[in-house]
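What follows is a short report on a single structure.
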Amino acid sequence: MAKYLKYTKNFYFIFTVLFVVWMVFIDNNDIISQFKLRSKLNGLEDQKEFYIERKEKIKAEREELLSNYELLEKFARERYLMKKKTEDLYVIVQE
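Quick note on full-length UniProt numbering: the sequence shown kicks off at 1 and runs consecutively.
Written out as structure tokens, the structure reads:
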């Protein structure tokens with residue numbers, strides 16, 4: 001028991017314990033916050049990869065649309081309901 005009392009009276013031991021307690025529990029940049037920020041960063045990096053892949057896919061589709069007139073016409077008719085002057089367009093809404 002006297003051995004433990006000897007360590008608790010040491011200034012450096014007390015200072016180290018207080019510093020560790022401060023850094024782990026009290027500080028704004030404590031360990032729990034660091035783990036939360038790390039997991040959030042990993043999630044954002046996953047989203048970044050997803051959007052980069054999506055951007056590349058859309059870019060490839062755009063190039064394909066701009067290079068093929070028939071595909072562009074089909075896209076315009078389906079997506080934006082465009083028609084020729086001599087055609088009638090009927091939109092069927094499913095309920």
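Idealized CB from N, CA, C, for every residue including glycine.
- Judged by DSSP in its simplified three-state form, Q34 adopts helix.
- DSSP places N42 in the helix class (H, G or I) of the three-state scheme.
- Closest in alpha carbon position to R79, among L71, T86 and K85, is L71.
- Per the coordinates, the alpha-carbon of K83 lies some 18 Å from the alpha-carbon of N68.
- Within the model, the alpha-carbon separation for F50 versus R38 is close to 19 Å.
- Put simply, the backbone Cα of E56 is about 22 Å away from that of E73.
- Residues T8 of the same chain have their beta carbon placed closer than 8 Å to that of I14, with the five preceding and five following residues left out of the count.
- DSSP places Y90 outside both helix and strand once states are collapsed to three, so it counts as coil.
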